[in-house]
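A short worksheet on the structure shown next.
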Amino acid sequence: MDRRTFLKTAALGTMASGIAGRVAAAGQYFPVQADQSLFATINRAKNPAKMSPLEQKHVPIITAPKSVAAGASFTVEVTVGEVLHPMGPTHWIEHISLNIGNEPAGQLTLQPRGFLAPKATFTVTIPKEAAPAGKVTLLVHERCNLHGYWEGSVDIAVV
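Numbers in this note's numbering are just positions in the sequence shown, counted from 1, shifted up by 1427.
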């Protein structure tokens, strides 16, 4: 074997083993594959009375009063799923955001650690002019790194 052939073979072998090593490492650190179809749109519960196991872990549950006084502060609690979503290095909730109608009201960014539960508490004040029809919609979005964007909403009366 001449020197040129040896160097080409050695270089190709080194590149192939490097690529194989990266693929193996990715499989070790990220063993769960993401379902790409869940990233195509915003996901919602198809039937809130009978949710699938995936929906039970991902649909935001909003706890807020049925009616509030205009200009008075109140608390909105958001939990990701009826069944608490796991938080680990390969599967976690990236953020939870609250909108009042189309207006952003708050966002919580979470880290991929097992120390946190994917829950958020927001203190909100709605002025009378923000609810000309006497009600507003609280809209919550959250993003799971493997299962995409999820949405939940609730209407509240503003008196």
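Idealized CB from N, CA, C, for every residue including glycine.
Distance between N1526 and I1553, taken at the CA atoms: about 12 Å.
Here Q1463 carries a helix assignment [DSSP, helix/strand/coil]. Taking 8 Å as the cut-off, the beta carbon of G1508 is found closer than this to the beta carbon of H1485. Beta-bridge partners assigned by DSSP to G1575: C1571.
Here K1546 is not near T1502, since their CB atoms are 8 Å or more apart. For G1575 against F1466, the beta-carbon gap comes to about 4 Å, under 8 Å, which counts as contact.
With fewer than 16 other Cβ atoms inside 10 Å of its own Cβ, V1586 counts as exposed.
Rounded to whole angstroms, the gap between the alpha carbons of G1561 and T1550 is 20 Å. Residue state for K1493 is assigned as coil, using DSSP reduced to three classes. Within the same chain, Cβ atoms closer than 8 Å to the Cβ of A1472 are found at M1478, E1482, V1486, G1579, the five residues on either side in sequence being excluded. Residue pairing from DSSP places E1530 in a beta bridge opposite I1527.
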